[in-house]
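Below you'll find the structure, written out as structure tokens, and then a few comments.
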Amino acid sequence: MKIFLFSWFVAFAVQAQEPTLTKTPDSVVKTIITTYYAKKFEGRKTSSGERYRASKFTAAHRTLPFGTMVRVKNIRTGKAVTVRINDRGPFSKKFSLDLSQSAAKALGIYRLGYAKVEVAYAR
Numbered sequence: 433m434k435i436f437l438f439s440w441f442v443a444f445a446v447q448a449q450e451p452t453l454t455k456t457p458d459s460v461v462k463t464i465i466t467t468y469y470a471k472k473f474e475g476r477k478t479s480s481g482e483r484y485r486a487s488k489f490t491a492a493h494r495t496l497p498f499g500t501m502v503r504v505k506n507i508r509t510g511k512a513v514t515v516r517i518n519d520r521g522p523f524s525k526k527f528s529l530d531l532s533q534s535a536a537k538a539l540g541i542y543r544l545g546y547a548k549v550e551v552a553y554a555r
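The sequence shown begins at 433 in our numbering and counts up by one.
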């Protein structure tokens with residue numbers, strides 16, 4: 433039942449204001465630094481084999497399995513989005529997540545370059 437409710441929530445949640453990311457026994461919540469893909473990557477194949485599309489809510493992570501749904505909250509603004517992991521990276525140790533441009537815009541970090549965010553995902 434928990435899995436069904438979680439998947440239903442993830443499927444329909446794209447953006448919300450002032451969300452609360454709570455840690456449950458089946459989830460991980462962390463504070464990290466994120467950045468976003470440059471425009472030049474549009475249409476290129478990701479590590480998962482699908483093509484990167486700036487308009488999709490996707491992200492790259494070094495270790496999370498492809499298809500993992502991750503809730504990302506901008507700590508400064510409270511804006512949040514749900515993204516799907518479909519690539520590997522970022523390759524700078526400074527950052528833990530590369531967001532698509534549309535996800536970065538929805539979080540309000542697009543022109544900033546990077547931001548401190550809180551991420552939550554199921555184990």
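Idealized CB from N, CA, C, for every residue including glycine.
Outcome for Val551 when other beta-carbon atoms lying within 10 angstroms are tallied against a minimum of 16: In the sequence shown, the residue the question calls residue 551 occupies position 119. Answer is buried; the Cβ neighbour count reaches 16.
The ligand MG heavy atom lying under 6 Å from the CB of Pro457: With respect to the ligand MG, the structure shown offers nothing to examine, as it has no ligands at all.
Neighbourhood of Ser524 by C-beta, 7 Å cutoff - its chain only, sequence neighbours within 5 removed: On the sequence shown, residue 524 is found 92 positions in, with the first residue counted as 1. Counting only Cβ-Cβ distances below 7 Å, and skipping sequence neighbours, we find nothing.
The stretch 493-513 touching the stretch 536-553, judged by at least three CB pairs closer than 8 Å: yes
Alpha carbon of Leu480 to alpha carbon of Asp519, nearest angstrom: Along the sequence shown, read from residue 1 onward, the residue named residue 480 stands at position 48. Along the sequence shown, read from residue 1 onward, the residue named residue 519 stands at position 87. The sequence as given places Ser at residue 480; Leu does not occur at that position. Whole-angstrom Cα-Cα distance: 6 Å.
Three-state class that DSSP yields for Lys505 in the structure shown: Within the sequence shown, the letter at position 73 stands for residue 505. Lys505: strand per DSSP, three-state reduction.
Inter-residue spacing [alpha-carbon to alpha-carbon] between Ala535 and Thr490: Start at 1 with the first residue of the sequence shown, and residue 535 comes out as number 103. Start at 1 with the first residue of the sequence shown, and residue 490 comes out as number 58. Cα to Cα, the separation comes out at about 7 Å.
Beta-carbon spacing of Thr463, Leu529 below 7 Å: The residue you call residue 463 lines up with position 31 of the sequence shown. The residue you call residue 529 lines up with position 97 of the sequence shown. Judged by their CB atoms, Thr463 and Leu529 are not nearer to each other than the 7 Å cut-off.
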